[in-house]
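In the numbering used here, the protein residues as written are 175 to 291. Everything below concerns the one structure shown next.
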Amino acid sequence: MSVRPDPDCLFCKIVAGEIPSTRLYEDDKVFAFADVNPQAPFHGLVVPKDHLATLDEFDDSQAELAGRLMLVAKSLAAERRLPGYRVAMNVNSEGGQVIFHAHLHVLGGRQMKGSLG
Numbered sequence: 175m176s177v178r179p180d181p182d183c184l185f186c187k188i189v190a191g192e193i194p195s196t197r198l199y200e201d202d203k204v205f206a207f208a209d210v211n212p213q214a215p216f217h218g219l220v221v222p223k224d225h226l227a228t229l230d231e232f233d234d235s236q237a238e239l240a241g242r243l244m245l246v247a248k249s250l251a252a253e254r255r256l257p258g259y260r261v262a263m264n265v266n267s268e269g270g271q272v273i274f275h276a277h278l279h280v281l282g283g284r285q286m287k288g289s290l291g
């Protein structure tokens with residue numbers, strides 16, 4: 175499956191360098207940057223460079239990319255020596271997704287409240 179950037183997507187514009195960001199990581203498939211509205215002392219966003227609006231658009235051909243996103247999240251936390259951290263992905267409006275370019279939130283630097291299960 176070939177995916178192209180969406181010229182109207184905020185995160186595609188950040189990946190392309192059209193909108194400034196604090197870059198945390200970049201390789202040929204993944205880009206990570208600091209959230210401009212952090213919800214924790216460390217709040218990074220990890221996005222695929224290709225435009226996939228939600229997790230629902232991933233298929234088996236993106237299995238390696240999905241794993242890469244998680245490993246980059248782990249690496250960001252390790253670089254910052256976070257003793258614990260949260261990785262979350264909101265999917266679709268009902269799941270709390272606001273920007274429709276799939277992305278992981280990596281949060282840490284304080285005790286995370288609540289439990290997911």
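In this text, a Cβ means the ideal position worked out from N, Cα and C, and glycines have one as well. Just so it is clear, the structure is predicted and the values come from calculations on it, not from any experiment.
Spatially closest choice to residue i from the options, by CA coordinates
i, options, result
"Leu239", "Pro181, Phe207, Cys183, Asp201", "Asp201"
"Asn266", "Arg197, Ser195, Pro212, Asp230", "Asp230"
"Met244", "His279, Phe185, Ala227", "His279"
"Ala214", "Lys203, Lys248, Tyr259, Phe274", "Tyr259"
"Asn211", "Val272, Arg242, Tyr199, Gln285", "Val272"
"Gln285", "Leu256, Ala276, Asn264, Phe274", "Leu256"
Residues that DSSP places opposite residue i in a beta bridge
i, result
"Leu226", "Its beta-bridge partners do not exist; DSSP assigns none."
"Gly218", "Ala208, Val280"
"Ala252", "Bridge partners of Ala252: none, in fact."
Rounded Cβ spacing between residue i and residue j (contact assumed at less than 8 Å)
i, j, result
"Gly282", "Phe216", "5 Å"
Inter-stretch contact at 8 Å, needing at least 3 Cβ pairs: the stretch 180–200 / the stretch 215–225: Segments in contact, yes.
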